[in-house]
Amino acid sequence: EAGVVQSPRYKIIEKKQPVAFWCNPISGHNTLYWYLQNLGQGPELLIRYENEEAVDDSQLPKDRFSAERLKGVDSTLKIQPAELGDSAVYLCASSPDLRSSYNEQFFGPGTRLTVL
Amino acid sequence: QKEVEQNSGPLSVPEGAIASLNCTYSDRVSQSFFWYRQYSGKSPELIMSIYSNGDKEDGRFTAQLNKASQYVSLLIRDSQPSDSATYLCAVIARDYGQNFVFGPGTRLSVLP
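Chains E and V, in that order, give the protein sequences.
Counted the way our numbering counts, the first sequence spans residues 1 to 116.
Counted the way our numbering counts, the second sequence spans residues 1001 to 1112.
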C-alpha cells in the first residue's frame, strides 16, 4: 500500500514569492492534515480536512496561507507571499476517520521550505 | 501547562540497555495515544498506539498507559544504535478539537 505522497521535497524561494505544496493521502483515508514543524519541535497543526471539508483551520494564518482539498482526495497548501519565518518543514498526514476508535495517523516525507 | 510534555533530552543509554521515554498530558478525557520515531531529516514514523490502561508490547517496544496519572511511556528493550532518534508523543485531545497534539519530542542516543 502506497504511503502519503508529498511534493516537492525541497523548495527554496525568495521572500514575498508564492509557494505551493501538494499532498496525496493514503487511499481510503478520509482525514488529511497539514502540519508545520520547526527544528527541535513537534509538528503543529495548520489545518485538518474531513473529506473535502476543512473542519479545523483555526491555526492557519489566513492572511497568507490557503489550502484546498477539492475532491476529498489530494490537497494543496499555498503560501503567498512567503516570509522568512515560514522556513520550516511542511508535513502532510492522513488517517482513516477521526470518528474511528482506533485512528492512526501516517505522515508523508514532508517538504522542506527555505525562504531567503 | 502545555497539552503534551516530554523531557527534551538528550537521553543517552548504552547499547543493549532499556531506554525509558516519558510523556504527560493535560486533557483528562484523552483516549488515544501514540508514539512516533523521527530520524534526523525524516518525517515522523508511527511505532506504537495505545488506547487502554496497562502495557502494550510490540517486539522490543512496550507502551505503558496510566490514564489516572495522565502518563504514557515507551520502553525500548535491548536498545540498538539504530534506535537513536527523536521520539514524539502524540495525544488526540478533546480540548484541541479532537486533533492530534504532539509533544516536543525526546532525543534518544544509543551509544555502541
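C-beta atoms are modelled at their ideal positions from N, C-alpha and C, and glycine is treated no differently.
(1) Does V/L1046 come out as helix, strand or coil in the three-state DSSP assignment?
(2) What ranges does the beta strand (DSSP E) occupy inside the stretch 63 to 108 of chain E, keeping only unbroken runs of at least 3 residues that lie completely in it?
(3) Quick check: is the beta carbon of E/F65 nearer than 7 Å to any beta carbon in chain V?
(4) In chain V, which residues lie with their C-beta within 7 Å of the C-beta of E/R48?
(5) Is there a Cβ of chain E sitting closer than 7 Å to that of V/L1046, yes or no?
(6) Which one of V/D1027, V/Q1064, V/L1021 has the shortest CA to CA distance from V/V1101?
(7) With distances taken between CB atoms, is the gap from V/I1047 to V/R1037 smaller than 7 Å?
(8) What does V/F1102 touch in chain B if you count any residue whose Cβ is under 7 Å from its own?
(9) For V/N1066, which residues from the same chain have a beta carbon less than 8 Å from its beta carbon, with the 5 sequence-adjacent residues on both sides left out?
The structure says:
(1) The answer is strand: DSSP assigns V/L1046 an E or B state.
(2) List check, beta strand (DSSP E) in window: 65 to 68, 75 to 79, 88 to 95.
(3) Look at E/F65: its C-beta is not under 7 Å from any C-beta on chain V.
(4) At a C-beta separation below 7 Å, E/R48 has these neighbours in chain V: N1099.
(5) With 7 Å as the cut-off, V/L1046 counts as an interface residue toward chain E.
(6) Put simply, of V/D1027, V/Q1064, V/L1021 the residue whose alpha carbon is nearest the alpha carbon of V/V1101 is V/D1027.
(7) Taking 7 Å as the Cβ cut-off, V/I1047 and V/R1037 qualify as a contacting pair.
(8) Judged by its chain identifiers, the structure shown contains no chain B, and its protein chains are E and V.
(9) Here the set comprises N1053, V1072.
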